[in-house]
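Read the structure below first, then the notes.
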Amino acid sequence: MQSDKPIVFSAKRISKDFGAGKSLKTAVKDVSFDIYDEEFISIVGGSGCGKSVLAKIMLGLYQPTRGQFLYRDKPIKNLKDHWNEVQSVFQDPFGCFNQFFTIRSQLEDALNILKDKPSKEEVRRRVDEGLKAVNVAPADIEGKYPFELSGGQMQRMLLARIFALRPKVLIADEATSMVDACVRANILDYLRKLKDELKMTVVFVTHDIGLANYVSDRIFIMHDGKIVNQGTPAEVLDNTNEPHTLRLLDDIPEVHKTEWIKNSHRSKK
Ligand SMILES: Nc1ncnc2c1ncn2[C@@H]1O[C@H](COP(=O)(O)OP(=O)(O)O)[C@@H](O)[C@H]1O
Ligand SMILES: [Mg+2]
Numbered sequence: 001m002q003s004d005k006p007i008v009f010s011a012k013r014i015s016k017d018f019g020a021g022k023s024l025k026t027a028v029k030d031v032s033f034d035i036y037d038e039e040f041i042s043i044v045g046g047s048g049c050g051k052s053v054l055a056k057i058m059l060g061l062y063q064p065t066r067g068q069f070l071y072r073d074k075p076i077k078n079l080k081d082h083w084n085e086v087q088s089v090f091q092d093p094f095g096c097f098n099q100f101f102t103i104r105s106q107l108e109d110a111l112n113i114l115k116d117k118p119s120k121e122e123v124r125r126r127v128d129e130g131l132k133a134v135n136v137a138p139a140d141i142e143g144k145y146p147f148e149l150s151g152g153q154m155q156r157m158l159l160a161r162i163f164a165l166r167p168k169v170l171i172a173d174e175a176t177s178m179v180d181a182c183v184r185a186n187i188l189d190y191l192r193k194l195k196d197e198l199k200m201t202v203v204f205v206t207h208d209i210g211l212a213n214y215v216s217d218r219i220f221i222m223h224d225g226k227i228v229n230q231g232t233p234a235e236v237l238d239n240t241n242e243p244h245t246l247r248l249l250d251d252i253p254e255v256h257k258t259e260w261i262k263n264s265h266r267s268k269k
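Residue numbers (the UniProt record's numbering): 1 to 269.
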C-alpha cells in the first residue's frame, strides 16, 4: 500500500529462529512489510504460525535473527523508550491485573511507565476518561478488585487502561478471545473508537479472519512463519486462490459469518 503517512514499523526480510541444530525452529520466515501511522492492521493465522512472535518483535521483546526491523526508521534499542509509545494488550486480562490491588489503583499505576508522568489529578482524570470511553461509570469500579468483575468487564478494564495511557501504537494479541462473539464485536468497536480518537496505530493479532475483516484497514494472513496473503479486507477475501485464507474463512462459525462480512468496517464507510 502506498500511503502519505509516516511508516511506523518496517520489516525488511526478517526471520526469527529459536534453538539450534536439530531443535532449530524458524518461527518467522523472511517477512517484509510496512505499517503506516494510524492504520488498523490485523495479523491472522492458525495456532503456531508465528503471530505472537511477530507481535513480540514489534514490542522489542525479540530481535529478529536475520533481516532488519525498524520502528519509525530506527532499530528498537531502549525498551523503556519504546514502551512509552508502543503498548500491548495480551490474551488474559486477569493475568494483567494483580488480584490483590483495586482496579482503580492499578489503572492509575499503569501511568507510571510514562516518561512525563502526569499530575495526580491528571492521572485520575485520565483513568475516569478511560472508564467512560468503555461505558463504565467510575463509581461502578470504585473499591473493586479484579475477581469481582466478569471476564468481559475485565477486558474493558484493559481497554480503559489503553485509553488512559494513550499509546501511539497498540499491539493487541487475541485480546478478545476470552469473551463471547457479541462482546467481542463490542470490544472491537471500542478498539476502533479508541484508535480513531487517539489516532493510534493498531496491530490486532487473531486467528479469526471474520473479526479481522470487521475492523481492519489491512490484513496480513500468516502461515508457517510467512505472510501468505495481504491487503485490504476486500483484496484478501477476494484472493480466493490462496488456500490458507480459504481455510481461515471456513473456520469462521457459520452463525457469525454473514454478520461479520456484512458489518465490516469498510462497508460502514
Ligand atoms: N520462546 C520460544 N522458544 C521456542 N520456540 C518458540 C518460542 N516462541 C514461539 N516458539 C515457536 O514458534 C512458533 C510460532 O509461535 P507463536 O508466534 O507463539 O504462534 P501463534 O501464531 O500461535 O501466536 C511455534 O511453533 C512456537 O512453538
Ligand atoms: Mg499467539
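Using N, Cα and C, we set each Cβ at its ideal position, and we do this for glycine too.
query: Indicate, with yes or no, if ligand 4 has a heavy atom lying under 8 Å from the CB of D251.; result: The model depicted lacks ligand 4 and carries ligand 1 and ligand 2 instead.
query: With DSSP as the reference, label N135 as helix, strand or coil.; result: coil
query: Between D173 and ligand 2, is there a pair consisting of the residue's CB and a ligand heavy atom that are separated by less than 8 Å?; result: yes
query: Looking at the unbroken alpha helix (DSSP H) that takes in G151, where does it start and where does it end?; result: 151 to 165
query: With a threshold of 16 other CB atoms inside 10 Å of the CB of L111, please say whether the residue is buried or exposed.; result: buried
query: Using CA coordinates, which residue listed in G225, L248, S216, H244 is at the minimum distance from A234?; result: S216
query: Can we count V205 as close to ligand 1, meaning its CB is less than 8 Å from some heavy atom?; result: yes
query: Report buried or exposed for E148, applying the criterion of at least 16 other Cβ atoms within 10 angstroms of its Cβ.; result: exposed
query: Excluding sequence positions up to five away, which residues of its chain have a Cβ less than 8 Å from the Cβ of C49?; result: M222, H223, D224, G225
query: What residue from N98, L165, F100, L114 has the CA that sits closest to L79's CA?; result: L114
query: What residue from L70, N135, A160, A139 has the CA that sits closest to R126's CA?; result: A160
query: Let me confirm a value: G45 is counted as buried when at least 16 other C-beta atoms fall within 10 Å, else exposed. Which label applies?; result: buried
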